[in-house]
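See structure below.
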Amino acid sequence: MFGKLDWSAIPLSQPIPLITSIVVLGSMLGVLVLVTVKGWWPYLWREWITSVDHKRIGVMYGLLGMLMLIRGFADAIMMRTHQAMAIGGGGYLPPEHYNQIFSAHGTIMILFGAMPLVLAFMNYLVPLQLGVRDVAFPTFNSVGFWLTASGALLVNVSLFIGEFARTGWLPYPPLSETTYSPGVGVDYYLWAVQISGVGTLITGVNIVTTILKMRCPGMSYLRMPIFCWTALASCLLIVAAFPILTATLAMLTLDRYLDWHYFTNTAGGNPMMFVNLVWAWGHPEVYILVLPAFGIFSEIFPTFSGKPLFGYRSMVAATLFICIVSMLVWLHHFFTMGAGAAVNTFFGISSSIIAVGTGVKIYNWIFTMYGGRVRFEVPMLWSMGFIFTFIIGGLTGVLLAIPPADFLTHNSMFLVAHFHNVIVGAVVFGVFAGLEFWFPKVFGFRLHAGWGKAAFWLAFVGFWVTFTPLYVLGLQGMTRRLQHVNVPDWAPGLYISVIGVAIIALGVIAQIAQLVVSIRDRDKLRDVTGDPWDGRSLEWATASPPPFFNFAVMPNVEGEEAYWGIKRRALETQQLDPEPHYAPIEMPINSAVGIYTAFFTSVFGFAMIWHIWWVAIASLVAAFAGFVVFAWRDVHEHEVPAEEVARIDRARRATRSALLARLQHEEAAS
Amino acid sequence: MTNPDFPASLEAFRRREEDPHKLGHRGHGSRPPSPGAGHGDTGPARKRIIVGYGFWIFLLSDIILFACFFATFAVLRGATAGGPAISQIVDTNRVAWETACLLLSSYTCGLSFAATNAKNKLWTQILLLLTGLLGLAFVVLELQEFIDLAQRGITPQRSAMLTAFFGLVGLHGVHVTIGGLWLATMMAQVQFKGFRHEMMHRLMCFNLYWHALDIVWIGIFTIVYLLAVSP
Chain E
12 MFGKLDWSAI PLSQPIPLIT SIVVLGSMLG VLVLVTVKGW WPYLWREWIT SVDHKRIGVM
72 YGLLGMLMLI RGFADAIMMR THQAMAIGGG GYLPPEHYNQ IFSAHGTIMI LFGAMPLVLA
132 FMNYLVPLQL GVRDVAFPTF NSVGFWLTAS GALLVNVSLF IGEFARTGWL PYPPLSETTY
192 SPGVGVDYYL WAVQISGVGT LITGVNIVTT ILKMRCPGMS YLRMPIFCWT ALASCLLIVA
252 AFPILTATLA MLTLDRYLDW HYFTNTAGGN PMMFVNLVWA WGHPEVYILV LPAFGIFSEI
312 FPTFSGKPLF GYRSMVAATL FICIVSMLVW LHHFFTMGAG AAVNTFFGIS SSIIAVGTGV
372 KIYNWIFTMY GGRVRFEVPM LWSMGFIFTF IIGGLTGVLL AIPPADFLTH NSMFLVAHFH
432 NVIVGAVVFG VFAGLEFWFP KVFGFRLHAG WGKAAFWLAF VGFWVTFTPL YVLGLQGMTR
492 RLQHVNVPDW APGLYISVIG VAIIALGVIA QIAQLVVSIR DRDKLRDVTG DPWDGRSLEW
552 ATASPPPFFN FAVMPNVEGE EAYWGIKRRA LETQQLDPEP HYAPIEMPIN SAVGIYTAFF
612 TSVFGFAMIW HIWWVAIASL VAAFAGFVVF AWRDVHEHEV PAEEVARIDR ARRATRSALL
672 ARLQHEEAAS
Chain B
9 MTNPDFPASL EAFRRREEDP HKLGHRGHGS RPPSPGAGHG DTGPARKRII VGYGFWIFLL
69 SDIILFACFF ATFAVLRGAT AGGPAISQIV DTNRVAWETA CLLLSSYTCG LSFAATNAKN
129 KLWTQILLLL TGLLGLAFVV LELQEFIDLA QRGITPQRSA MLTAFFGLVG LHGVHVTIGG
189 LWLATMMAQV QFKGFRHEMM HRLMCFNLYW HALDIVWIGI FTIVYLLAVS P
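As given, the protein sequences belong to chains E and B, one line each in that order. Taking this note's numbering, I'd label the letters of the first sequence as residues 12 to 681. Taking this note's numbering, I'd label the letters of the second sequence as residues 9 to 239.
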């Protein structure tokens, strides 16, 4: 009836997961009760859960990513403190639990933390920057988001019911085969990642189509903001790489469920084929995350330097160069496989060459600041911190790309320090830079600068205190993922690293404090103009927050930096462009198909994990029925009357006129 | 637009000539971008172009999925673990029939779209039904092949080569089956909803999907079956 599921799946004898489960379930219940008591369900259902607005979906992606970032950080705290306490002893986490924690940390941080955050920015910004009203397929956008959320849910359910994988964030066979991992941990991993991967693919297809086919009049490719270019490159990589992940996980699933022999070490299976396939996805995945972050920095440097981006075209070329070469470097993750000197040389060289494209970008950012009037606002601090951090991370990466050197540092703490150096330094710093930068656009008020600066400095210093010792430990020979540490000489490094984690934790607290303080003082921090930073691309032409249709009339772009041109013209002629002719707008209607599909997909995943076949089949049938019902609907769009459009846009124009008048007044006064 | 005197296939050619964007027939070189197709700085494309384009992108990702299964088959082709080799499990006769069914279904599918373009419901339905029946015949033949093999003890559990074989061929079979479900849904929709814009777009996507499966099958036919029996 319930497959492998029984009461022994609840971790009653293990205090840490049990207490965590109770706390998490308790707070979730609290939130649900609060929402019910306050009567917020209709609002949430109408405005968020069933919304197909790319801005709403972007915000929900962001929320999911931030929550998962905190969850992953909790795992990180446990790992660092455990290792510091495990010198010459056992630490406080039993081995099977410790192994789950480092596996969950990687999986959650990359796939459910960083990935939704990056998709949040792409979803929110791409249509606004392209001057259009939504993405190409708004309903699929909602489906994509909810599938990602479904995957995140399954990973977190593993904490309460059963266990998570103990195999590392990429479940290498033969360890991940049923022979050595008979439990449900790897199955949780497989279904969670598979489901969220499909969601990501849908979003990738959506954004590629949006960028290539839906740009406002005048927005030729070489007038697009760099963020759109990086989003395009990133989503092309999603389209090219995520099917590889889907295929690889499907094969491992077949091995585990039906006793097939793709990756077993019996009957001719080939475990190294898994490693090749999974990294053929895994390495592009790194660039899927980092390219949009590069795009965020490329928007921030020009804005806060008061100058156009240096070398726009070389930036586009470098982005596409990285996009292509990132598919040709995967083998550097396992030089030690023994592929031979020729193969290792090829991948060593291609891995080093990718630094050329990145170098072009770094110089472009530096030259953008050169000669500009640099304003040291919070987004700019994160961006400058990124340049420093990322250069070090890039350089240690080039060291690891040399096969003989890699043989010595493979799977060491040096490697751990390196990839945190690039992923934290670029993706996480980029996400926070972007959060500080676009927050006023999204919510209509700025974030408190003082707390923001505190959060940046704590995170920046904390990062270096945490990871510098790990580089040294790696060179001293410490390998990664150690549950107990037998070398007393490594103690100082591990202790310093824990201090670093504590500083980062203070940074996290400062970040939360910034949010709380800013929400409290939102009236003081209100952005009435829609252009709080003197921005250059089209999203700043809208009000903050933008109306649901983004643009009352589609803009007509006449050059690079579309909004900068409009703004210059207004300042030179001392008036706004004449009021356009307002026409009714067709907007897609809400749809519950996303949450419906994700609900049954979650049930399906859970049933497959626990071998409850009848539930799995029933939920598949229900999901299909949902799609048929959705396909049957007759009304796809609702019309916003011209008067409504005019009313909303005139309010925007009024604030802009007021701003213009104020500027004139200030100029006259000076 | 529609001339009822023309047979559906001729109608399709005529429409191609009339297509202002000459989609797929534009040739190369620097022509001015055509409005409504999302080219250059002409603004957003029309819905039909967006839907078709997005579906092409999805198909590319699907083909990459198949590419992975092709690659595993290539790697594991010799890993028979003492079991039968690929040349010993191929029944060329049945594969020939499977191929004939699938290629023919692609032809009827193309004809059905010509009828769709001519807004001819009856012929659209007849040709879609024919497509579905040929697809069904393909799936039945394939299932028969798998059952025959299983009865001889040749299952994916026997060796890595067989795992890769059943995986690749089976994945295609699953795709055809899903396509069949989609087709049945589309026929019901055509019956009740007629040829509205979104129906035309969906039928176009279904056509792309069905032809893509044909292309993949050509790959399977060549790499799995033909190479198995070639000396």
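Positions of the beta carbon are idealized from the N, C-alpha and C atoms, including for glycine. This one's a predicted model, so the numbers in the text were calculated from it and none came from an experiment.
Here B/Leu-110 is buried, its C-beta having at least 16 other C-beta atoms within 10 Å. The residue from E/Lys-452, E/Arg-664, E/Glu-107 and E/Val-70 with its alpha-carbon nearest to that of E/Asp-538 is E/Lys-452.
E/Phe-560 sits close to E/Ile-596, with the two beta carbons spaced by under 7 Å. DSSP, reduced to helix, strand and coil, places E/Glu-388 outside both helices and strands of the structure shown, so it counts as coil. An exposed status is given to E/Glu-678, since fewer than 16 other beta-carbon atoms sit within 10 Å of its beta-carbon.
Contact between E/Tyr-72 and E/Ala-163 is ruled out by a C-beta separation of about 11 Å, above the 8 Å threshold. Rounded to whole angstroms, the gap between the alpha carbons of E/Leu-247 and E/Ala-573 is 24 Å.
Under the three-state reduction of DSSP, B/Ile-97 is assigned to coil, being neither helix nor strand. Sequence-distant Cβ neighbours of B/Asp-222 in its own chain, meaning closer than 7 Å and more than five residues away, are Leu-110, Leu-111 and Ser-114.
Segment contact: the stretch 585-602 of chain E against the stretch 179-189 of chain E, fewer than three CB-CB distances shorter than 8 Å; contact not assigned. Taking 9 Å as the Cβ-Cβ cut-off, the stretch 210-231 of chain E approaches chain B at Leu-212, Ile-213, Gly-215, Val-216, Asn-217, Val-219, Thr-220, Thr-221, Leu-223, Lys-224, Met-225, Arg-226, Cys-227, Pro-228, Gly-229, Met-230 and Ser-231, given in chain order. Residue contact with chain E for B/Tyr-217: absent (no Cβ-Cβ distance below 7 Å to any residue of chain E). Two segments are said to touch when three or more pairs of C-beta atoms, one from each, lie closer than 8 Å; by this definition the stretch 216-227 of chain E does not touch the stretch 275-287 of chain E. In the same chain as B/Thr-132, and ignoring 5 residues on each side of it, the C-beta atoms closer than 7 Å to its own belong to Ser-120, Ala-123, Thr-124 and Val-198, in chain order. Look at E/Arg-57 here: in three-state DSSP terms it is helix. Against chain E, the CB of B/Gln-165 has a partner CB under 7 Å away; the residue lies at that interface. By the CB criterion at 7 Å, B/Ile-228 and B/His-180 fall inside the cutoff. Among the CB atoms of chain E, one or more fall inside 7 Å of the CB of B/Gly-46. Contact annotation: in the stretch 285-297 of chain E, residues whose CB is within less than 7 Å of a CB in chain B are Leu-288.
Measuring C-alpha to C-alpha distances from B/Ala-93 to each of B/Arg-102, B/Ile-65, B/Val-103 and B/Phe-81 identifies B/Phe-81 as the nearest. The beta strand (DSSP E) runs of length 3 or more contained entirely in the stretch 66-114 of chain E do not exist; there are none. Per the coordinates, the alpha-carbon of E/Ser-548 lies some 15 Å from the alpha-carbon of E/Thr-241. Within chain B, the C-beta atoms nearer than 8 Å to that of E/Asn-281 come from Val-83, Leu-84, Ala-87 and Ala-168, in chain order. When C-beta distances to chain B are compared with 7 Å, the residues of the stretch 123-148 of chain E below that value are Val-143, Ala-147 and Phe-148, in chain order. A distance below 7 Å separates the beta carbons of E/Pro-480 and E/Gly-504. Judged by DSSP in its simplified three-state form, E/Ser-24 adopts coil rather than helix or strand. In the structure shown, E/Ser-316 falls within a helical segment according to DSSP collapsed to helix, strand and coil. Unbroken beta strand (DSSP E) runs of no fewer than 3 residues, entirely contained in the stretch 543-628 of chain E, are found at 596-599, following chain order. By the C-beta density criterion, B/His-47 is buried, having at least 16 other C-beta atoms within 10 angstroms.
Excluding the 5 residues flanking it on each side, E/Leu-23 has same chain C-beta neighbours closer than 7 Å at Leu-29, in chain order. Among the CB atoms of chain B, none fall inside 7 Å of the CB of E/Asp-660.
The beta-carbon distance between E/Thr-379 and E/Asp-545, rounded to whole angstroms, is 15 Å. This is too long to meet the 8 Å contact definition.
Under a criterion of Cβ atoms nearer than 7 Å, the residues of chain E adjacent to B/Ile-57 are, in order, Lys-224.
In its chain, beyond the 5 residues on either side, Leu-458 have a beta carbon closer than 6 Å to the beta carbon of E/Phe-450. By the criterion of at least three beta-carbon pairs nearer than 8 Å, the stretch 69-80 of chain B is not in contact with the stretch 264-272 of chain E.
Assignment of E/Val-146 by DSSP, reduced to helix, strand and coil, places it in the coil class.
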